[in-house]
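Trainee: Residue numbering for the sequence shown is 56 to 353, as defined by our numbering. Even glycine gets a Cβ: it sits at the ideal position worked out from N, Cα and C.
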Amino acid sequence: MSVNASINLHNTIFSRLMTAPIAFFDINPIVRTPVIDHLSTTINGLVTIRALRAEKHFTNDFNRLQDNHTTCYFTNIAANRALGLVLELIYIFYETFVVIFLMLFTDDISGGTAGLLLFIAINMSWYLQIMVRRSADLETYMTSVERILDYSHLESEVSETADNCRPPAPDWPLEGRICLNHVSLKYDNATDPTLVDINCEFKGGERVGIVGRTGAGKSSLLAVLFRMHQITGSVTIDGVDTKCIPLHDLRRNISIIPQEAIAFIGSIRHNLDPFSDYSDDRLWEVLAEVQLIDFQIA
């Protein structure tokens with residue numbers, strides 16, 4: 056009877072303890088990754104940071120990211136301590152129950168049997184505590200396995216040798232007119248589509264502002280231009296369907312300013328023309344047009 060009661064008790068507690076902290080443990084890598092990325096960016100762009108005297112800005116960013124990580128890590132440790140305390144209280148209750156059971160049935164239980172029950176109760180408490188902690192650790196570490204499995208099942212992008220793909224004209228895009236015709240986009244892990252039957256046109260040279268809440272699909276519109284995801288409908292730039300252009304040529308002929316600041320590595324020329332397609336005179340003309348000559352010399 057005592058063994059069955061202990062099994063039922065520990066099964067109930069085990070299931071509740073397993074579901075409580077695991078959702079939080081998944082947050083820890085999310086707040087740790089920005090710290091590592093920031094350190095990598097800072098080290099790679101250290102020369103540029105010092106040249107622009109931006110040490111204080113990067114130091115403040117690091118302190119903010121480190122505070123976020125430390126907050127989650129401290130809560131992680133506190134949750135583990137609380138879990139250990141709860142488990143110890145449960146085991147004390149269980150062992151007390153075994154002792155009371157032996158005291159009530161002293162006439163029917165021999166001394167050897169009583170000692171064996173106490174020995175099993177003490178060791179069972181220890182092994183169950185290890186099992187709960189290791190099971191929680193296993194589920195936490197399985198997030199890495201899930202990520203690897205997701206990567207292994209990623210679909211390859213459309214081959215550039217497809218019959219319907221042809222390189223665009225050398226001067227494409229000339230005007231920059233963008234047309235979206237019945238464009239819909241749904242991410243793989245999403246229940247609802249992000250973009251639904253979008254129809255719009257942006258004329259060349261226009262400045263258009265797209266306003267919306269977080270998750271409304273503003274960034275998804277830009278991802279559609281670069282064919283980052285499979286869509287329904289069509290996107291044309293200067294009358295050319297982007298699905299009919301090889302990915303290398305498409306992404307090489309259009310550019311985007313990233314949403315977050317990035318410290319570029321290497322010389323200005325390498326970042327402006329990584330494939331060495333343009334002369335130095337042409338690059339100087341571009342820098343003059345965007346009024347960056349004085350800035351880069353300073």
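Could you tell me how far apart the beta carbons of His284 and Tyr333 are, in whole angstroms, since I believe they sit closer than 8 Å?
Mentor: Looking up residue 284 in the sequence shown gives position 229. Looking up residue 333 in the sequence shown gives position 278. Between Tyr333 and His284 the Cβ distance is about 31 Å, and since that is not below 8 Å, they are no contact.
Trainee: Would you give the residue range spanned by the beta strand (DSSP E) that Asp252 belongs to?
Mentor: Position 197 of the sequence shown, counted from the first residue, corresponds to residue 252. It spans Leu250 to Phe257 - the beta strand (DSSP E) in which Asp252 sits, taken as one unbroken run.
Trainee: Among Phe152, Leu277 and Phe148, which residue has its Cα nearest to the Cα of Val263?
Mentor: Within the sequence shown, the letter at position 208 stands for residue 263. When each option's Cα is compared against that of Val263, the closest is Leu277.
Trainee: In this structure, how does DSSP classify Ile233 when only helix, strand and coil are distinguished?
Mentor: Within the sequence shown, residue 233 is the residue found at index 178, counting from 1. Here Ile233 sits in strand by DSSP.
Trainee: Would you call the region 94–114 in contact with the region 301–320, where contact means no fewer than 3 C-beta pairs closer than 8 Å?
Mentor: The region 94–114 is in contact with the region 301–320.
Trainee: Identify which residue in Gly231, Phe129 and Leu138 has its Cα closest to the Cα of Gly294.
Mentor: Numbered from its first residue, the sequence shown carries residue 294 at position 239. Minimum Cα distance to Gly294 is reached at Gly231.
Trainee: Have a look at Ala316, Gln314, Leu342 and Pro313 and flag the residue whose alpha-carbon is nearest the alpha-carbon of Leu327.
Mentor: In the sequence shown, counting from the first residue as 1, residue 327 sits at position 272. Closest by alpha carbon: Leu342.
Trainee: Who are the Cβ neighbours of Arg337 in its own chain at under 8 Å, not counting the five residues just before and after it?
Mentor: By 1-based counting over the sequence shown, the position of residue 337 is 282. The answer is none, since no qualifying residue turns up.
Trainee: Would you kindly check if the distance between the Cβ of Asp304 and the Cβ of Pro228 is under 8 Å?
Mentor: Position 173 of the sequence shown, counted from the start, is the residue given in the question as residue 228. Position 249 of the sequence shown, counted from the start, is the residue given in the question as residue 304. No, the pair does not count as a contact, with Cβ atoms beyond the cut-off.
Trainee: Indicate whether at least one CB of chain B lies closer than 8 Å to the CB of Arg119.
Mentor: No chain B is present in this structure, which holds just one protein chain.
Trainee: Which residues mark the beginning and the end of the alpha helix (DSSP H) in which Val290 is found?
Mentor: Residue 290 sits at position 235 when you count from the first residue of the sequence shown. Taken as a continuous stretch (DSSP letters only), Val290 belongs to no alpha helix (DSSP H), being part of the beta strand (DSSP E) at Thr287 to Ile292.
Trainee: When DSSP builds the beta bridges, which residues end up paired with Leu240?
Mentor: Taking the first residue of the sequence shown as position 1, residue 240 is located at position 185. DSSP, once it has assigned bridges, lists Leu250 as partnering Leu240.
Trainee: Between which residues of its own chain and Asn254 is the CB-CB distance below 8 Å, once the five residues before and five after are set aside?
Mentor: On the sequence shown, position 199 is the one that residue 254 refers to. Once the five neighbours on either side are set aside, the close Cβ partners of Asn254 are Leu235, Asn236, His237 and Val238.
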